[in-house]
Amino acid sequence: MLLSIAALLAGLVVLVWSADKFVEGAAVTARYAGMPPLLIGMVIVGFGTSSPEMVVSAFAAWEGSPALALGNAYGSNIFNIAFILGVTALIAPIAVHSSILRRELPILLGATLLTGWLLWDGNVSRMDAVVLLLTFFALMGWSIYQALHNRQDALGAETEQELETSAMSFKAALLWLVVGLLLLIVSSRLLVWGAINIAQTLGISDLIIGLTIVAAGTSLPELATSIIAARKNEHDIALGNVVGSNLFNTLAVVGIAGAITPIPVAAEVLSRDWIVMLVLTVSLLVMVYSVSRPGNLTRWKGGLLLLAFLAYNSWLFYSVVAK
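115 is the number that numbering that gives the first Met the number 0 gives to position 116 of the sequence shown; each next residue is one higher, with no gaps.
Rendered as structure tokens:
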């Protein structure tokens, strides 16, 4: 048990550090390759910050724990909106200026509704996984188009400003890209091993472990990115980081895991976790499109999101204790 806890903690620490280096290396490498800043912000950073969820869920599915993979993806989405945006808005209210982000939020809602439809039969089959991945690639095509035709968007300006602060050379960026990816793979394998062993020892389901400890751990890169961005008044990066990550989690993370092995969906996933994810996504859309202060995530809205996070985790705790 102690070895499993040590593996879980060590995996989380190395995972967060390696993900940060991987994202930084990928973003700077893309800049040297001449990629538009908006495309880096929408695709590279979004992919990079979601890489922990992607690798962890893939390993979990490969190791025969698909429920852990599903819990990690949906738990991360809930953590991203309720906790990360809640904390970030309390530190510094988020003013949304990017027109692309405003268009991405309804797309995120559509992706969430699509997953609900696919979960309805109690199984994420390989065909369902193909649907999710095809939708993801179509979305990536749309993102590339938007980035190439909306170079003046606020998100692109903030990303360019952030990249200019990096003094990393091209060789250093490539090195951290490779090292970050390798450590990401090793730490993810260690984390999954520890999480599965802890769940089996305590008699807790892989789903609950995925929704809580693993989801929070793999979402720490998003937490750091959003808080730092908000403190620098890079508000669109703070929100775009979460929206992009949730799109990756909903479509690519679950799609990859489902392609590796079909995922049986417990009844509570649809009646509890997906519902909470849907309600939070709708709430975020309403907050950003608010009539009173359009585009602003104020401190009181951040407080509401944090209360929702506490309520959801209390629900999870009760479901474990009540068994």
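Idealized CB from N, CA, C, for every residue including glycine.
Determine the extent of the alpha helix (DSSP H) in which P220 is found, giving its start and end residues. 219–230
Note down the Cα distance separating A194 from I83, rounded to an integer number of angstroms. 23 Å
For A171, which of Y288, L118, F21, A9 has the nearest alpha-carbon? F21
According to DSSP, is V130 helix, strand or coil? helix
Since S204 and A66 should fall inside the 8 Å C-beta cutoff, what is the C-beta to C-beta distance between them, to a whole number of angstroms? 7 Å
Considering Cα atoms alone, identify which of V86, V252, N122, L11 is closest to G301. V86
Determine the DSSP secondary structure at P105, reduced to helix, strand or coil. helix
Buried or exposed for F93, going by 16 or more other Cβ atoms inside 10 Å? Checking the displayed sequence, the identity of residue 93 turns out to be Ile instead of Phe. Counting Cβ neighbours within 10 Å, I93 comes out buried, since at least 16 surround it.
Output yes or no for whether 8 Å exceeds the beta carbon distance between T114 and V253. yes
Three-way DSSP call (helix, strand, coil) for P92 in this model: coil
Quick test of your reading: I90 and I226, contact by CB under 8 Å. State the CB separation rounded to the nearest angstrom. 6 Å
Around the Cβ of F247, are there at least 16 other Cβ atoms within 10 angstroms (buried) or fewer (exposed)? buried
CB A57 to CB I208, shorter than 8 Å? no
Taking C-alpha atoms, which residue in Y73, I274, I4 lies nearest to S324? No information on residue 324 is available, as it lies outside the stretch 0 to 322 that the chain covers here.
Using DSSP bridges, identify the partner residues of L296. I93
Distance, Y31 Cα to A310 Cα: 45 Å
Are the beta-carbon atoms of L284 and P51 separated by less than 8 Å? no
Would you mind sorting P220 into buried or exposed? The rule is 16 or more other CB atoms within 10 Å of its CB. buried
Please check the pair G179 and S49, which I expect to be a contact at CB under 8 Å, by giving their CB distance rounded to whole angstroms. So it is not a contact: roughly 14 Å between Cβ atoms.
Per DSSP, which one or two residues make a beta bridge with I262? V123
How far does the alpha helix (DSSP H) with M276 in it extend, from its first residue to its last? 273–287
Residue burial classification, V320 (beta-carbon count within 10 angstroms, cutoff 16): exposed
Can you tell me whether V290 is buried or exposed, with buried defined as 16 or more other CB within 10 angstroms of its CB? Note that V290 scores 48 on pLDDT, short of 50, meaning its location in the model is unreliable; the coordinates nonetheless yield the value given after this. By the 10 Å Cβ count, V290 comes out exposed.
With W314 and R271 assumed to form a contact (beta carbons below 8 Å), what rounded beta-carbon distance in angstroms separates them? 7 Å
When we look at the beta-carbon of V130 and count the other beta-carbons within 10 Å, is it buried (16 or more) or exposed? buried
Residue range of the alpha helix (DSSP H) that includes F169: 169–201
What residue from L133, L173, L174, L182 has the CA that sits closest to V54's CA? L182
Buried or exposed: where does I262 fall if 16 or more other Cβ atoms within 10 Å of its Cβ makes it buried? buried
DSSP three-state label for A6, please. helix
For M0, the three-state DSSP class (helix, strand or coil): coil
Neighbourhood of F169 by C-beta, 8 Å cutoff - its chain only, sequence neighbours within 5 removed: V27, T28, Y31
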